[in-house]
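S.K.: Residue numbers (our numbering): 1 to 207. Sharing a structure below in structure tokens format, with a few things to ask.
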């Protein structure tokens, strides 16, 4: 699915529990660009992703789309995969992904293709409660394909993934960016995917 939408942050700030995590943060991402967000625990990496997704209010500043129609809403074009894998143990792998596709409003989702993208097709009928931590993480990431969105917001996506699964993630990111998608990735680990921009929270520096 080709995308042609940009993302801009202008002087945004985040406050949690009376503490300022960051202030006056600005960046702009064009279609096909990614931002790797780094920083120590508590610097605000997860909070930034949640602000972009519309799950956490801005203390100041503005987040907006560029090149989108007047009716486009930023949260509706974002797909946020957080720390929690949100797997329903009693449902099968296939049923879990079908549930999320329906929940996210994706009619006619190609669940089998989404599972295959992260090597889960052979496990489609297995109860999700029997999956390993790495398999549950891959199931969470497969939602990116079951309900495609222009902007991926990934919080420590490599958690629990083995080397082969990290390669699947890298391939997914490369393909998403190649079609004009945007990715904002919070991670302590380096990504093999070529990342155009880097943001070090705690230093408020965008490179």
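Ideal placement from N, C-alpha and C gives every residue a C-beta, glycine not left out.
Here's a check: name, in chain order, each residue in its chain whose Cβ is nearer than 6 Å to the Cβ of residue 28, leaving out the five neighbours to either side.
M.R.: 8
S.K.: What is the rounded straight-line gap between the Cα of residue 153 and the Cα of residue 91?
M.R.: 25 Å
S.K.: Take every Cβ of the stretch 76-93, pair it with every Cβ of the stretch 116-135, and state whether three or more of those distances are shorter than 8 Å.
M.R.: yes
S.K.: Quick check on residue 20: buried or exposed, where buried means 16 or more other Cβ atoms within 10 Å of its Cβ?
M.R.: exposed
S.K.: Identify whether residue 149 lies in helix, strand or coil by the three-state DSSP scheme.
M.R.: coil
S.K.: Express the C-alpha separation of residue 134 and residue 89 in angstroms, rounding to a whole number.
M.R.: CA-to-CA, the gap between residue 89 and residue 134 works out to about 15 Å.
S.K.: Three-state secondary structure (DSSP) at residue 92?
M.R.: strand
S.K.: Pick from 151, 175 and 161: whose alpha carbon is nearest that of residue 35?
M.R.: 151
S.K.: Could you tell me the distance, in whole angstroms, from the CA atom of residue 148 to the CA atom of residue 24?
M.R.: 31 Å
S.K.: So the candidates are 112, 116, 47 and 131; which of them puts its Cα closest to the Cα of residue 86?
M.R.: 131
S.K.: Could you check the C-alpha separation between residue 185 and residue 199 for me, to the nearest Å?
M.R.: In this structure, the alpha-carbon of residue 185 lies about 10 Å from that of residue 199.
S.K.: Put residue 185 into one of helix, strand or coil per three-state DSSP.
M.R.: strand
S.K.: Does the beta carbon of residue 48 sit closer than 7 Å to a beta carbon anywhere in chain B?
M.R.: You won't find chain B in this structure, because it holds only one protein chain.
S.K.: So, are the CB atoms of residue 74 and residue 65 less than 7 Å apart?
M.R.: yes
S.K.: Is DSSP giving residue 52 helix, strand or coil here?
M.R.: In the structure shown, residue 52 sits in a helix (DSSP, three-state: H, G or I).
S.K.: Who are the near neighbours of residue 104 in its chain, counting only those whose CB is closer than 7 Å to its CB and skipping five residues on each side?
M.R.: 147
S.K.: Taking only the alpha-carbon atoms, compute the straight-line gap between residue 138 and residue 5 and give it to the nearest angstrom.
M.R.: 26 Å
S.K.: Give the DSSP bridge partners of residue 38, in chain order.
M.R.: 200
S.K.: Where does residue 67 sit, in a helix, a strand or coil, going by DSSP?
M.R.: coil
S.K.: For residue 22 and residue 15, I'd like the C-alpha separation in whole angstroms.
M.R.: Roughly 8 Å separates the two Cα atoms.
S.K.: Less than 7 Å between the C-beta atoms of residue 31 and residue 202, yes or no?
M.R.: no
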